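Novice:
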Amino acid sequence: MATKFGFIQTSRNKSMKQHFKVCFCFNRMFKLKLVEPPEEINNIFYKYTQNGTMNIDELFDFLVRFQGEENSDVTKKHAQDVFHSLKHLNIFQRRGLHFDAFFRYLFGDLNGPLVDQVHHDMSHPLAHYFLYTGHNSYLTGNQLSSESSTIPIINALKKGVRVIELDLWPNSREDDVDVRHGGTLTSSVKLRDCLNAIRDNAFHASEYPVVITFEDHITPPLQRKVAKMVDDIFGGMLFRPNRSRQMEKFPSPEMLKRRVLISTKPPESPEIQSQKVREEEVESNEDKDDGSRLSHKDKSDDESEEEKSLAYRNLISIHAGKPKGNVDNWLLDHDQVRRLSLSEQVLEEIAKTRGTDIVRFTQRNLLRVYPKGSRVDSSNYDPMNGWMHGAQMVAFNMQGHGHYLRYMEGMFKANGGCGYVKKPDILLNNNKIFDPRVNRRIQKTLQVLVYMGEGWHSEFGQTHFDFYSPPDFRVQVGIHGVPADIDTKVTRTIEDEWVPVWNEEINFAITCPELALLYIKVVERDFSGQHDFAGQTCLPVSELKEGIRAVRLCNRKGELYKHVRLLIQFRFFNQ
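Residue numbers (my numbering): 2 to 576.
(1) With respect to the alpha helix (DSSP H) encompassing F215, which residues constitute its N-terminal and C-terminal limits?
(2) Using the beta-carbon count (16 or more within 10 Å), is S285 buried or exposed?
(3) Ordered along the chain, which non-local residues of its own chain (more than five positions away) have a Cβ less than 8 angstroms from that of R241?
(4) Could you tell me the distance, in whole angstroms, from the CA atom of Y382 to the CA atom of E166?
(5) Are the CB atoms of V542 and L567 within a distance shorter than 8 angstroms?
(6) In or out: T354 buried (at least 16 other Cβ within 10 Å) or exposed?
(7) For the beta strand (DSSP E) holding F474, just list the boundary residues, first then last.
(8) Quick one: Cα of N43 to Cα of V500, how far?
(9) Let me know if L367 comes out buried or exposed under the rule of 16 or more other beta-carbons within 10 Å of its beta-carbon.
(10) When the Cα atoms are used, what is the spatial distance from E175 to P222?
(11) Cβ of P114 within 8 angstroms of Cβ of L447?
(12) Taking the straight line between their C-alpha atoms, what separation do you get for G409 and T54?
(13) List the whole-angstrom C-beta distance separating I510 from I443, where the pair is believed to meet the contact cut-off of C-beta under 8 angstroms.
(14) In its own chain, which residues sit with a C-beta less than 7 angstroms from the C-beta of V524, not counting the 5 before and 5 after it?
(15) To which residues does DSSP link N508 through a beta bridge?
(16) Restricting to runs no shorter than 4 residues, where is the alpha helix (DSSP H) found entirely within the stretch 178-243?
(17) Within its chain, find whatever has a CB closer than 8 angstroms to the CB of I487; leave out the 5 residues flanking it on each side and keep chain order.
(18) If you reduce the DSSP assignment to three classes, tell me which class K78 lands in.
(19) Could you check whether the Cβ of N112 sits closer than 7 angstroms to any heavy atom belonging to the ligand NAD?
(20) Just to confirm, are G548 and Y133 a CB contact at a threshold of 8 angstroms?
(21) Just verifying my parser: in three-state terms, what is the DSSP assignment at K558?
(22) So the beta strand (DSSP E) L341 belongs to, where does it begin and stop?
(23) What number of angstroms, rounded off, separates the C-alpha of V261 from the C-alpha of S310?
(24) Does the beta-carbon of F215 have 16 or more other beta-carbons within 10 angstroms, so that it is buried, or is it exposed?
(25) Just to confirm, are G161 and G418 a CB contact at a threshold of 8 angstroms?
(26) Spatial neighbours of M230 within its chain, please: C-beta separation below 8 angstroms, excluding the five flanking residues on both sides.
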């Protein structure tokens, strides 16, 4: 059967029926219905047209008045692009779009739910943005025994990840540097190969800066080798701050376009290292004169070591550290901006009593959150706890799995997928520090009208979901955000339909739309209770375009299906 919208791809001269075998002896026959769009869409089309054909001016009028697009030349250009994209189809006529062509546009790639270009102000300091951040970026699988490779680094960069983590260790001969997860059975990969992979793929998905975080377990001689290696590979791509003064605020992503930054804990200065050695030697030496001679000898050595260590220290544009002492010391606001790293469980614990202090700290400084050590299967945690406390670098195992990774991907679909998302004003207001524990009043109501879905018949075989009948689809729609906003609702199940029409409205009252994510999942009902997965997506609520939109779905790995999509109308209502 070939419907007029191309949903079920079979020949017109074949029977409009599907047969399913039952118990080897019987066939069940299902009639495939011609699918008509919901009546509301039909009415909308005729509201904006005359004589059943939509010309380019009428399409522009629809885009502005119904879809909420700007009344601008950009929208006029978009209307022209729509016409051009449909000209090769038989359903297009010279005078304009018939209903079939209009409906094809609504379900097409030119009618997505998000703006696909960078549109946030990128001129603020780095601390004012969430950064798409990886954890142990070189691992292909679990944290204990998987292979280390450049492939996951390349894949992450091509997805738009902007922060790559590398663990640096001496090789077996201690004359070169490997990247591996120390203290485990994971294999190693050469640092040089990782840096070359970053250089070659850094700006494939985004021209905004890439930050490389080093977890440094190497000796000073190897640090000097790394300094030369980084210089040789990145050259002018490497950002080096002005060392004549302390960095009081981070540069902006706009200023750092196509640059690479190194972030790690600076090595102790030679003076501090030598002082420790002298103290130990003097304590064990009873001869004061010998001690004086040792000190004199060390001073000249210090000058040489100072010159050698400067090369590595000067690579570091974002100084990092792990917490020492009590919480008060961690969150002190120094003149020089820096990066602090906390594990997910440490953040969760201190946030119970110091939430506003964390938010204040992240208004100038960077906070990196990383998975707890027990996540050996490379699973991930809820990123929202980090984001709602202002943490810019919520580090994830990109080779992992599960819905938390989908939330991460959903957040960074914002701002054209460039890997940098401007933090909402509530997290940057230093006059009224945001307290994640305090519920705000409802700010907006999001209305989600799920019309229909299509593409499963083209994507999957006839018996993929059920051996004995066409699938029974339903849609789960949820909000993930601050605790007060978390909610999930479910449409009714449409039985025995490859192209289900729900035409169902769902509403969410949201207190913090700036951080909210819309998670959509389609399942095929199974009476065993183990429902079959049929697609998912996650979208940032603050970026949703109003109007009727085509929402493409992804597989379990987050990869887009070629055909599967939903038709949904989004509306916002202020409270």
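C-beta atoms are modelled at their ideal positions from N, C-alpha and C, and glycine is treated no differently. As the structure is a computational prediction, the values presented were derived from the model and not from experiment.
Specialist: Judging by the given coordinates:
(1) The count along the sequence shown starts at 1 and reaches residue 215 at position 214. Where F215 is concerned, there is no enclosing alpha helix (DSSP H), although the beta strand (DSSP E) it sits in stretches over V211 to D217.
(2) Mapped onto the sequence shown, residue 285 falls at position 284. Its pLDDT being 46, under 50, S285 is placed unreliably in this model, and the value from its coordinates should be taken loosely. Exposed.
(3) As a working note, residue 241 is residue 240 in the sequence shown. Closer than 8 angstroms at Cβ, skipping near neighbours: N315, L316 and S318.
(4) As a first step, residue 382 must be located in the sequence shown, where it is residue number 381. As a first step, residue 166 must be located in the sequence shown, where it is residue number 165. In a straight line, the C-alpha of Y382 is about 18 angstroms away from that of E166.
(5) To locate residue 567, count along the sequence shown from 1; it is residue 566. To locate residue 542, count along the sequence shown from 1; it is residue 541. Cβ atoms of L567 and V542: not closer than 8 angstroms.
(6) Numbered from 1 along the sequence shown, position 353 holds the residue referred to as residue 354. Exposed, because fewer than 16 other Cβ atoms sit within 10 Å of the Cβ of T354.
(7) As a first step, residue 474 must be located in the sequence shown, where it is residue number 473. Counting along the chain, the beta strand (DSSP E) containing F474 begins and ends at F474 to H481.
(8) For this step, residue 43 is matched to residue 42 along the sequence shown. For this step, residue 500 is matched to residue 499 along the sequence shown. So the alpha carbons of these two residues sit roughly 17 angstroms apart.
(9) Numbered from 1 along the sequence shown, position 366 holds the residue referred to as residue 367. Looking at its Cβ environment, which holds 16 or more other Cβ atoms inside 10 Å, L367 is buried.
(10) Counting from one through the sequence shown, the residue named residue 175 turns up at place 174. Counting from one through the sequence shown, the residue named residue 222 turns up at place 221. C-alpha separation (whole angstroms): 10 angstroms.
(11) Indexing the sequence shown from 1 puts residue 114 at position 113. Indexing the sequence shown from 1 puts residue 447 at position 446. No, the Cβ-Cβ distance between P114 and L447 is not below 8 angstroms.
(12) The residue given as residue 409 occupies position 408 in the sequence shown. The residue given as residue 54 occupies position 53 in the sequence shown. The sequence given here places Met at residue 409; Gly does not occur at that position. Answer to the nearest angstrom: the Cα atoms are 42 angstroms apart.
(13) The residue labelled residue 510 in the question sits at position 509 within the sequence shown. The residue labelled residue 443 in the question sits at position 442 within the sequence shown. For the record, residue 510 in the displayed sequence is Ala; it is not Ile. At roughly 5 angstroms, the Cβ-Cβ gap stays under 8 angstroms, so A510 and I443 are in contact.
(14) Residue numbering aside, residue 524 sits at position 523 when the sequence shown is read from its first letter. Excluding sequence neighbours, V524 sits near R475, Q477, H532, D533, F534 and A535.
(15) Residue mapping note: residue 508 aligns to position 507 of the sequence shown, counting from 1. In DSSP, N508 forms a bridge with Q448.
(16) 192-202 and 221-235
(17) The sequence position of residue 487 within the sequence shown is 486, counting from 1. G479, I480 and H481, listed in sequence order.
(18) The residue you call residue 78 lines up with position 77 of the sequence shown. Helix, per DSSP.
(19) The ligand content of the structure shown is nil, which means the ligand NAD is not present either.
(20) Along the sequence shown, read from residue 1 onward, the residue named residue 548 stands at position 547. Along the sequence shown, read from residue 1 onward, the residue named residue 133 stands at position 132. For G548 and Y133, no; Cβs fall outside 8 angstroms.
(21) The count along the sequence shown starts at 1 and reaches residue 558 at position 557. Looking at K558 - three-state DSSP - the assignment turns out to be coil, as it is neither helix nor strand.
(22) Position 340 of the sequence shown, counted from the start, is the residue given in the question as residue 341. Residues R340 to S344.
(23) Along the sequence shown, one-based indexing puts residue 261 at 260. Along the sequence shown, one-based indexing puts residue 310 at 309. So the alpha carbons of these two residues sit roughly 21 angstroms apart.
(24) As a first step, residue 215 must be located in the sequence shown, where it is residue number 214. The residue in question, F215, is buried, as its Cβ has 16 or more Cβ neighbours within 10 Å.
(25) The residue you call residue 161 lines up with position 160 of the sequence shown. The residue you call residue 418 lines up with position 417 of the sequence shown. In contact: G161 and G418 (Cβ atoms closer than 8 angstroms).
(26) On the sequence shown, residue 230 is found 229 positions in, with the first residue counted as 1. Closer than 8 angstroms at Cβ, skipping near neighbours: V178, L192, R193 and L196.
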